[in-house]
Amino acid sequence: MSLVVSNLSVDHGAIRAISGVSFTVESGEIAAVIGSNGAGKTTLLRTLSGLKSASHGSAQWNNHDLFSVKPEFNVRHGIAHVGEGKSVIAELSVEENLHLGAIWRKNKKEMKSTQLDVIELFPILGERIKQRADTLSGGERQMLAIGRALMAKPQLLLLDEPSLGLAPLVIEQIFQTIKSLRDQMALTVVLVEQNALGALEIADTGIALNLGKVVVAGSAQSLLNDPAVRAAYLGY
Amino acid sequence: MRKRLLLFIALGWVLLLIGDRVDELRVYQGASIAVYVIAIGSIILLTGYSGQISLGHGALMAFGGYVAALCVANASLPLWFAFVMAALVTGIFGGILGFAAARLSGPYLAGTTLALAVGLPSLANQFSILGGEQGIYLDPGLPPASLGESFSQYKWFFWITTLAALITMFWLANILQSKYGRTWRALRSNDVAAQLCGVHTGRQKVLAFSLSSGLAGLAGALLVLTISTVSPSAFPLSLSFALVTGAVVSGIYDLKGVMLGAVILVIIPEVADSVASRFGDSLKITSTLPGLLVSALLILAVLFTPNGPGEKLHHLRHKRKTHSG
Amino acid sequence: MNLMSTDTTLLAINGLTVSFGGLRALSNVALEVKPGEVVGLIGPNGAGKTTAFNAICGLVKPDAGELFLNGQKHAWPQTDQLTELGIARTLQGVGLFGDLTVLENVMIGAQKFSHSGLISAAFGRSSKDEKVLRERAQTALERVYATGIANRRADTLSYPDTKRVAIARALVSEPKILMLDEPAGGLGQQDIEWMNSLIRNLTAQMSVLIVEHHMDVVMSVCDRLYVLNFGEVISSGAVEVVRRDPAVIAAYLGASKVNS
Amino acid sequence: AQAASQPGITSTEIKLGITSPLSGKVAAVYGKIPGAMKAYFSHVNDNGGVYGRKINLISKDDAYVPTLAVKATNDLIMKDKVFAIVGALGTANHLAALRSANLSGRGVPDLFVNTGFSGFADKAKYKTTFAVLPSYVMEAKIMAKYIDDNYKGKKVALIVQDDDFGLDAVAGFATAGLKPEVTIKFPTGADSLAAAQGWITGKLKPANIDIAIIFATTTTSAAVLGAAAGLQYRPTVGWMLGSVGGDSNTLRAGGVPLAILNGAIGTSFAPDPSDATDEYVNFFKGIYAKYVPGSTFDLTVLQGMNSAMLTVQALRAAGKNPTRDGLIKAIETKGAKFASAGFTPLKYSPSSHVGYSGYWIGKYSATGSLQPIDGKRVLYTTDSGSGPVVSATISRAPLPTNGLPTNS
Amino acid sequence: MYKFISSLLIGLSLGAIYSLMSISLVLVWRSTRVVNFAQAGQAIVSTYIAYEVVNRTGSFWLAFFVAILAGALLCAIVDRYFMRPLFKRVTSGPIVAIAPVVATLGLLGVLRAVVGFVWGVELKPIAAPVSLDGYSLGSEVLPFAPYNALVIVVVAVVLIALSLLFQKTNLGLSLRASAYSPEIARLSGIRVNEIRTLGWAIAGAAGAIAGILATPTSYLSPNSLDILLVFGFAAAVIGGLESMVGAVVGGLVLGLGVTFVSNYVSTSLIFPTAFVFLIVILLVRPSGIVSGKRSRRA
Ligand SMILES: Nc1ncnc2c1ncn2[C@@H]1O[C@H](COP(=O)(O)OP(=O)(O)OP(=O)(O)O)[C@@H](O)[C@H]1O
Ligand SMILES: Nc1ncnc2c1ncn2[C@@H]1O[C@H](COP(=O)(O)OP(=O)(O)OP(=O)(O)O)[C@@H](O)[C@H]1O
Ligand SMILES: [Mg+2]
Ligand SMILES: [Mg+2]
């Protein structure tokens, strides 16, 4: 049970956004992927979920080849992706956005109970449940996006900058939530973050990307202690 | 700007020479092309720059055509003045419409202008001064005697329309390159940000609509000149669609392509005709071919050169460069 | 620059109340910005920060409240009059004009310095005007170290560059009040530091009203803070005071930020 | 030898041109005219042509749009270099073409224009243009006269299309002093069944109309009659149909139950296309079936073939070496005597380019054919001005042997 | 009174037909954000197919269902082999906003031409399955026949079925999600391409119903549904484009408005009325009468 990425390269036309990246995330771990703007973090996640096709290399989740099916089927293999920048559907209500996450599962009852769990996690969503998503504040939308992904009861969660635009308290909550998702539900998380400190603090492994290449990888603790990493991404 | 002026003068000179060398039929087609150049330019301004869709520019052309014809027939004003009036009055009318248009986006505007295209020509029958279905005769007068005996009527039309097209294209090119063009592009792309930059988006949209209408009015007046008559049926819905086609073929964002769009609009009936006659004039073919050609062209254009031939050429050149380099 | 000489507040709002249908997004909010100050507006997500900005910018209609500019009562402005009033703002999403070049983006921001009309534009007589705009835009780009990308299309820029351009576009109108909505959001550490120093440098010419969740930025650039929660100001004052306010810690900062 | 310099004439061929709507909305109704004319010309060509020359009719589409009509006409004259234009169609179209291409100034004969707009017969303005159909004004005047003679004082309603011939008709009725109780003008295209129901329930019924005149295209007549059928409505005296919208073949295709037509009054200058006793009809029908197999023979086809027959006579009359001037002179001097299916006299003369000058009035049978009332074909003739309407006698020449004119 | 009642009834029947066309436009708009001008073309093709079926078998209802199938299939094909490649190719520049408009206009022309080529331009009738003779009220015959009742029932059924589909089912949610944000929909496990095609097919079915129901009261020709398209579109715009109910309300408002003006004011003002209606309604409510809340701008 693990996510194995090997020798992955991805191109945007002439630009090579990911080049020869390999890493493994063990099941039940949180892997923090850090790196500055344009390092290729988003591209990496989009490739894993299948939104973007890889030029080289492979990615396996529990013997499921992530690249063998279209993204809409990866969800059915327990892989959920929360895109960068509040990926909610503005024109739908909060509730509909949540339903969307579980839409491929036919069991309505289970859906209801998962929804209750999600609202427990993000109470504000409960309060806004009938509102259109585009009336939400930036932070509320981010919560909704994560909530939507959780509705699918995934095993592997790909999160792209969940802390973007959130209040410090909420960031802390979200990181704690992610941690508890791992602890309680044995969720495996690939967490892409600009907020390197917060991410590494809850992560098990850390991967630092620069210009599409892995520059440092190892236990999260070792990255936190790495002076080069600290200088480049942590700012102290 | 000086360079552009010289370019336009040179272009005018070339056209003048061409007009002297081709037969009368081509001269007539040249005049039609000049009319379409202006009409397509008005769509490019409106859609390509300010981002508003109009499916009703044919109706605005009709408006301009009637204004010009009324000026000549009822007020006996000189031809050039009739054209100026056509542009002005249609511009004002467009400005009024623009107040509604500025509040509408995408499909709403498309729907409204479509209704305009269907509704406006039928109004011509409401007022007897507009001459009903027969329309009004616009007496173009004879070419000035100083041009000589052999100077034909169509050549005269060609001169007038071409001159008008050159002048309007010169103005239009300048405007589109000035802060106005930039502002329109900006508000098309993000109107809140544009407002924050101090752009009165409503006013700018109305201005764009009004200018575009004025151009359409002028084109309509010139069209009426070339057929000497203005009547509702000269401005069918298909004209509005043809203009959009022309603009897409030209590259909706690119004034340089207007010639191409205009030429194609003039050529299509020609091609339809010759193909149909090859197939023995069966009514099934003649009745379907022209529509088929325009439509197919439209589809091919959006599919293969969505941003106009200019972009395509640019790509090709680029490719060749990278290949050789 | 002489505009800092008066002691009156540049901008003040009073009793601002905004609701959306049944939802009260802001109630009875008051705040002030003095010349040369950097004022932070912070608070949890959905507290109403952007809504307050929107009210000042004429993007939402307040139910109640007054606005003072330079001590004078002023009607809530129309969005497009802001630059004339000396107010410029960036958007929470970046909001560049994607298919314009960077230079053109910034030139749009400088529009108020152009006075040539349509007729002169038609005759190609606006080139002098254009030159003025271009020069101003170039200067603004210099201030954010973005001259190198002046001719790139805005939608091809990297994220940090878009942020620079957005600020340049706001700066170019020479505002007296600059409103920044999450300028550091999504930026990496190095860019955040750059943003910090830029904002600090701006105070020589203008006041800044800033919404930001990045506490490092807030702490290092702001003189004073207002904290919103559920649409109400729950705390305000000097940074050092506010950050220790238990209400603020409970509602917004969380325990871990207090000591960092 | 002289003739060689004439455009469109060679020793073996006479080139003629026609513009008509082959595409667009009205193609369904009028698109058949060139085919009908060609059918007749083929018959003539197969029998030796006109003095050994075959007639070649070049047909161009104008989609019923004036700009395209101008273009097509220009093409015919300058590219195809036809000898004459025949049977051009559509008032606004042909007015534009005629003015812009300056047919008159160029001396291009413009024969047998297929519209009832009276302006085309204005010889002073359009020297080379010849009308053929009786004008809408004439038709309206004759209808008014018939009503005055037979139903004086009855309440009349007038349903007209809000365009050229509708308004011409309004003018004609006004000239004749007939004041409709109700006038319904509607824009082209707004003639759905529902709209027609509205006219009946909202205007005709409340006004207790005795005679309702439908002066519009077939699609409108179809809508009105269809609506009337559904509402079981009939003006107390009955319906009266203008000739343009009175072709029962087209009405049937528009879904009208023909029973509703039974007893309606109609006008025509030509025989009914289903009149099996008429020699012209039988002849034209046979030719049409031979050359355009599978297509319905209707009033439009009949008129097209009729114009073609007139054309052949005009060409013959112009002599062995026809010139454009000669052709025009020939029609002016001999045109009134041409054999044709029309019952009312042709008015061609050196001072007039008016064609048929009137109508006969009949009633529709239960199968939709227009038949003389009480077995007597009553003719009326008049002009497009303020002249009186007079009863006339039939002056139709017999069908030339095998439909091939031998005049000269 | 009779005049008023009959105007009302006529307006309703007219409005019902506009509504149907309007619904099919709204459906495509909701499932792909495209105003499908080709709808009239697709409907005309399916209606001609129905005509063939009626001609050969004499059964209107068989033709009705064949038309629905044909309409659905044709629309699905159009989406799969025309719109999808288009969206793949046209991804940037100002053309993006108008490409769908332009492409569907083009398609309309092509479909019309094809129909003209296959069936010719002559008018063709389709006989109504139930009587066109109006019901009578006392001594008066009303302009409302069993056929009008049938049309209204069908519109109601279609409306209810589609509303339920969109509001209450997962399929409906999938359709809307795919329209608004294909990417998020995919990430949620929705087979976006298939769903969108399905959305087109449903719209095609609705358009086919509009086409075949509009024909018995008029006639069939390659252009015969054009006016219906214009009015249907106007109705959709009046209704706000987003909601099925809006489409029906728009259709009825337009049908009634046009009828009353025609019967009480002037018959020649039909088009201007429709235009003025549209303008006035849009000036008061720029996104239609039944529009959702305005979205926030910043
Ligand atoms: N759609 C695209 N087309 C072309 N280039 C792209 C595209 N998306 C990303 N890139 C380029 O690929 C590289 C990696 O981008 P990516 O978005 O993956 O970075 P990132 O690490 O997520 O950055 P950020 O922290 O700003 O989100 C960058 O150079 C970017 O410019
Ligand atoms: N147009 C609107 N319609 C309805 N509700 C709205 C609208 N705009 C904002 N809201 C609501 O008002 C509240 C305040 O929103 P606002 O965007 O001002 O928050 P914010 O403080 O900027 O949050 P963030 O830090 O997450 O950006 C939110 O709960 C939001 O859902
Ligand atoms: Mg990223
Ligand atoms: Mg905000």
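Residue numbers (this note's numbering), protein chains in the order written: chain A, 16 to 251; chain B, 76 to 400; chain C, 839 to 1098; chain D, 638 to 1045; chain E, -16 to 281. Every residue, glycine too, gets a C-beta built ideally from N, C-alpha and C. Since this is a predicted model, take the numbers as computed values, not measurements.
At a cut-off of 7 Å, would you count residue i as near ligand 4, judging by its Cβ distance to the nearest heavy atom?
{"i": "A:Ser152", "result": "yes"}
{"i": "C:Val1065", "result": "no"}
{"i": "C:Lys887", "result": "yes"}
Shorter than 7 Å, the distance from the beta carbon of residue i to the closest heavy atom of ligand 2, or not?
{"i": "A:Leu105", "result": "First, the residue type needs correcting, since residue 105 of chain A is Ala and not Leu in the sequence shown. No; taking the cut-off as 7 Å, the Cβ of A:Ala105 has no heavy atom of ligand 2 nearer than that."}
{"i": "A:Arg143", "result": "yes"}
{"i": "C:Gln949", "result": "no"}
{"i": "E:Phe127", "result": "no"}
{"i": "A:Glu155", "result": "yes"}
Is residue i near ligand 3, with its Cβ less than 7 Å from a heavy atom?
{"i": "A:Asp175", "result": "yes"}
{"i": "A:Glu99", "result": "yes"}
Considering only the alpha carbon of each residue, which of the options lies closest to residue i?
{"i": "A:Glu216", "options": "A:Leu174, A:Leu249, A:Leu226", "result": "A:Leu249"}
{"i": "E:Phe149", "options": "A:Pro138, A:Pro183, A:Leu107", "result": "A:Leu107"}
{"i": "E:Gln25", "options": "E:Gly(-6), E:Leu(-8), E:Ala53", "result": "E:Ala53"}
{"i": "B:Ser288", "options": "B:Gly105, B:Leu189, B:Ser117", "result": "B:Ser117"}
{"i": "B:Val267", "options": "C:Val871, C:Gly1069, C:Val898", "result": "C:Val898"}
{"i": "B:Leu290", "options": "B:Gly170, B:Ala150, B:Leu100", "result": "B:Gly170"}
Looking only at its own chain, which residues have a Cβ that is under 7 Å from the Cβ of residue i, when we skip the five neighbours before and after it?
{"i": "C:Asn840", "result": "Note that C:Asn840 has pLDDT 39, beneath the 50 cutoff, so the model's placement of it is unreliable and the number below is only indicative. Nothing meets the Cβ criterion."}
{"i": "A:Arg31", "result": "Ser24, Gly227"}
{"i": "A:Asn22", "result": "Gly35, Ser37, His71, Gly72"}
{"i": "D:Ala700", "result": "Pro658, Ser660, Gly661"}
{"i": "C:Ser1098", "result": "Reliability of the predicted coordinates at C:Ser1098 is poor, the pLDDT of 42 falling under 50, and the value obtained from them is presented with this limitation in mind. Hits under 7 Å: none found."}
Note down, in chain order, each residue of its chain lying with its Cβ closer than 8 Å to the Cβ of residue i, except the 5 sequence neighbours on either side.
{"i": "D:Ala926", "result": "Phe934"}
{"i": "B:Leu86", "result": "Leu241"}
{"i": "C:Ala868", "result": "Ala850, Ile851, Asn852, Gly853, Leu854, Val1071"}
{"i": "B:Val377", "result": "Val323"}
{"i": "D:Ala808", "result": "Val774, Ala777"}
Ligand 1 heavy atoms versus the CB of residue i: any closer than 7 Å?
{"i": "A:Gln209", "result": "yes"}
{"i": "A:Thr57", "result": "yes"}
{"i": "C:Tyr997", "result": "yes"}
{"i": "A:Gly53", "result": "yes"}
{"i": "A:Gly50", "result": "yes"}
Considering only heavy atoms of ligand 6, does any lie closer than 7 Å to the CB of residue i?
{"i": "A:Gln199", "result": "In the structure shown, ligand 6 is absent; the only ligands present are ligand 1, ligand 2, ligand 3 and ligand 4."}
Give me, in chain order, the residues of the same chain whose beta-carbon lies closer than 6 Å to that of residue i; leave out the 5 immediate sequence neighbours on both sides.
{"i": "D:Ile651", "result": "Arg690, Ile692, Phe720"}
Along the chain, which unbroken stretches of the beta strand (DSSP E) at least 3 residues long are found entirely within the segment 954 to 1032 of chain C?
1015 to 1019
Starting from the N-terminal side, write out each stretch of the alpha helix (DSSP H) that is 4 residues or longer and does not extend beyond the segment 274 to 309 of chain B.
276 to 302
Contact set between the segment 237 to 256 of chain B and chain E, restricted to residues whose Cβ is under 8 Å from the partner
Taking 8 Å as the cut-off between beta carbons, none of the residues of the segment 237 to 256 of chain B comes near chain E.
Mind pulling the beta strand (DSSP E) runs of 3 or more residues that sit fully within the segment 142 to 230 of chain A?
171 to 175, 203 to 208, 220 to 225
Note down, in chain order, all residues in the segment 1040 to 1059 of chain C with a beta-carbon under 9 Å from any beta-carbon belonging to chain A.
His1051, His1052, Met1053, Asp1054
Report the residues of the segment 131 to 165 of chain E with a CB closer than 8 Å to any CB of chain A, ordered along the chain.
Asn153, Leu156, Ser157, Arg159, Ala160, Tyr163, Ser164
May I have a chain-ordered list of the beta strand (DSSP E) segments no shorter than 3 residues that lie completely inside the segment 848 to 910 of chain C?
The segment 848 to 910 of chain C contains these whole beta strand (DSSP E) runs: 849 to 858, 861 to 871, 876 to 880, 902 to 907.
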